[in-house]
């Protein structure tokens, strides 16, 4: 047996080549072998030194192959260790006669050789040197080079050479340095980048009243399947979020805002499976969905109320009950509190023999939110719908959640009328029935319940609140929460709806009021229509529809569009009274405006449906719908419009002018919006550094798009709106004259070099 490896020191001298086998005429070979005498073969072939010193069988095999290719003189010049023995010599003639070697890159192999002889003399002492004497005058040095099939031991000798080690070390440290630089760059970019816009900030919200949107089963009522059928229309508007108003099972009083069952769908809209299918379809389109939730009250048909009126268990105090005096068949309420719809907000119940509070209709009893069990019920409802996949909620009428426990009369606005009768909601200051101490604790608990479903990356759940504090902007801003305590992402903004008259000044005041009072770093929102107000064309005039949409979609923050406003729909007169209502969506010029294929709709469609509908306006670029789409596309494509500064430039009785700009970009957009009569304004005089010319990017007068205007004299007609574009090296928000007139939710700056946003300008 032989050891698997030895340490070999080779000293090789070669001289002038002579034969075709590339042998040298003289070779001097010194071998010093540490270990046992195990050298079996030594030869040079094709310039390569071959030492075979492993198994005896391999030595015999190699020597036989070597002798086959050497001339007689060369055979005699090669000496072998004595340990090769006579047995090796005796075996060679037989091997050479029986086998032929196969040449392979300097090796001569014999694959089938059988070791027929064992030489025990190989364990003797091995000579320290084996030499071949040749002509010393022609000796040259030969360096061993790597070759194919090199053994591992020899390969490791090459791998330890200094030049390879230095190269490896250089590459190693370059990789380490590059990795560290990449990590540092990533951390720096993250640290310096402004927060990305979330989905509820990235585009408009489209609000739908499902009963009037699209009927899918020819019963004349819009439904959830109908919404699913029309999702392409919504995506074509560049909408990001759909807001569906209340569709809980209910008696459909007050638009269905008094729920009979918060865990079920009203049959008029479909079933739970229809909702689940709609939810999947909305998400497949890359959209989000939020739903209305009115937690203040339920329907009097709700199981909770039925149990409460019978004083059953924990439900006894789920509603607000008070004793009330009876005399001569009439009921005297506990105080003078008045319902939003008029008349006393107390209703006597014949079963419980007490009065219950209802701040809206008598069929909508108020829940008792001072009862922790009621708050837990609301949290459970929130969890139920979020687990279905809903992306958020719009909580309505939240300022009514708590009432004062002392039940004192509310103070009248003016002296009480003769007889002391107060029946209208506007006749009282509602100090004891709205915005009570503890209200925001309840709102925060809603936020916490929602946040339990916002922990997954990319699955943030939205929360909005509807309080409509018309006269108290500070009370509205409290729903934003604080920098330490989160409440709503934003309270819904109705300033543009609540304007008492329309003018450039009134629009400026509505915008400025919100922006100046909004807490720093918060996100604004705007609405020009809602389920509870008349349409734009009916409320302020159809000549202002386009300019109002232009205002809505170029202000900073999230715009909210109520269905139909994108095509300029108008209200209708319903029934025998002058009740103005919003008719079903007008899809095309067919009977019933394409809303239903049935014989009739739950409300009649507007008589102008053949000229005002989605189909005809989709084919006509110069339409209200065409302008709406162009505005939403511009908003999506231009950084200054979706997250830049907003600076107020000018306002008067006719026009409102403002710019949108972003640090690092020399491109600025200026809006000149006319809400009065024909007007002319010299903007160059107001902003001295303004370029003399600007390009009309979009206009409500479609033929003007692309024209160049002189900023010294910009004229607009009644209801006309312009989106101007110009370039400047000095943005308005950096000018001293406009300090205090510029607002930004979160500062963002653009780097042209890296094509990214950062916040340290």
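In the working numbering, the protein residues as written are 719 to 1479.
Glycine included, C-beta positions come from ideal geometry on N, C-alpha and C.
query                                                                                                                                                                              : result
So residue 1289 and residue 1252 are in contact, right, with Cβ under 8 Å, and what is the actual spacing, rounded?                                                                : 5 Å
So is residue 1438 buried or exposed if we call it buried at 16+ other beta carbons inside 10 Å?                                                                                   : buried
Could you name each continuous alpha helix (DSSP H) segment of 4 residues or more that falls completely within the region 1064-1122, going from the start of the chain to the end? : 1090-1106
Tell me which residues share the same chain as residue 1041 and place their Cβ nearer than 7 Å to its Cβ, disregarding the 5 neighbours each side in the sequence.                 : 1072
How big is the Cα-Cα spacing for residue 1405 and residue 1391?                                                                                                                    : 17 Å
With DSSP run on the structure shown, which of helix, strand or coil describes residue 1017?                                                                                       : coil
When we look at the beta-carbon of residue 1010 and count the other beta-carbons within 10 Å, is it buried (16 or more) or exposed?                                                : buried
Assign residue 1238 to one of two classes, buried (16 or more other C-beta atoms within 10 Å of its C-beta) or exposed (fewer than that).                                          : exposed
Leaving out five residues on either side along the sequence, give the residues of the same chain with a beta carbon under 6 Å from the beta carbon of residue 1301.                : 1290, 1321, 1323, 1324
Name the DSSP bridge partner or partners of residue 1040?                                                                                                                          : 1073
Would you list the one or two residues that DSSP bridges to residue 1289?                                                                                                          : 1300
In or out: residue 1115 buried (at least 16 other Cβ within 10 Å) or exposed?                                                                                                      : buried
Whole angstroms is fine: what's the gap from residue 896's alpha carbon to residue 1276's?                                                                                         : 42 Å
Look up residue 999 in the DSSP assignment and say whether it is helix, strand or coil.                                                                                            : helix
Between the region 1102-1121 and the region 1176-1194, do at least 3 Cβ pairs fall closer than 8 Å?                                                                                : yes
So is residue 1078 buried or exposed if we call it buried at 16+ other beta carbons inside 10 Å?                                                                                   : buried
Within the continuous alpha helix (DSSP H) that includes residue 1179, where are the two ends?                                                                                     : Where residue 1179 is concerned, there is no enclosing alpha helix (DSSP H), given that its DSSP letter is neither H nor E.
Does residue 1371 pass the burial test, meaning 16 or more other C-beta atoms within 10 Å, or should it be called exposed?                                                         : exposed
Rounded to the nearest angstrom, how far is the Cβ of residue 925 from that of residue 961, given a contact under 8 Å?                                                             : 4 Å
Should residue 1051 go down as buried or exposed, given a rule of 16 or more other Cβ atoms within 10 Å for buried?                                                                : buried
If you run the structure through DSSP and keep just helix, strand and coil, what is residue 901?                                                                                   : helix
Do residue 987 and residue 941 have their C-beta atoms closer together than 8 Å?                                                                                                   : yes
Under the DSSP definition of a beta bridge, which residues are partnered with residue 1277?                                                                                        : 1244
Is it the case that the Cβ atoms of residue 1349 and residue 1268 are separated by a distance below 8 Å?                                                                           : yes
In three-state terms, what does DSSP make of residue 1230?                                                                                                                         : helix
Can you give me the Cβ contacts of residue 1157 inside the same chain, cut-off strictly under 8 Å, excluding the 5 residues immediately before and after it?                       : 1116, 1117, 1119, 1120
What first and last residue would you give for the beta strand (DSSP E) that runs through residue 1010?                                                                            : 1006-1011
Identify whether residue 1050 lies in helix, strand or coil by the three-state DSSP scheme.                                                                                        : strand
What is the DSSP secondary structure of residue 1346, counted as helix, strand or coil?                                                                                            : helix
Pull up the distance between the alpha-carbon of residue 1399 and that of residue 1433, whole angstroms please.                                                                    : 7 Å
Would you kindly work out how many angstroms separate the C-alpha atoms of residue 1167 and residue 1413, rounded to a whole number?                                               : 49 Å
Please name the residue in 930, 1355, 1084 whose C-alpha comes closest to that of residue 943.                                                                                     : 930
Out of 1074, 1442, 1361, which has the shortest C-alpha to C-alpha gap to residue 1429?                                                                                            : 1442
For residue 1124, is the classification buried or exposed, using 16 other Cβ atoms within 10 angstroms of its Cβ as the cut-off for buried?                                        : exposed
Thinking just about the alpha-carbon of each residue, which of 989, 1222, 1087, 1173 is nearest to the one in residue 1161?                                                        : 1087
Which of the three DSSP states, helix, strand or coil, is assigned to residue 1388?                                                                                                : strand
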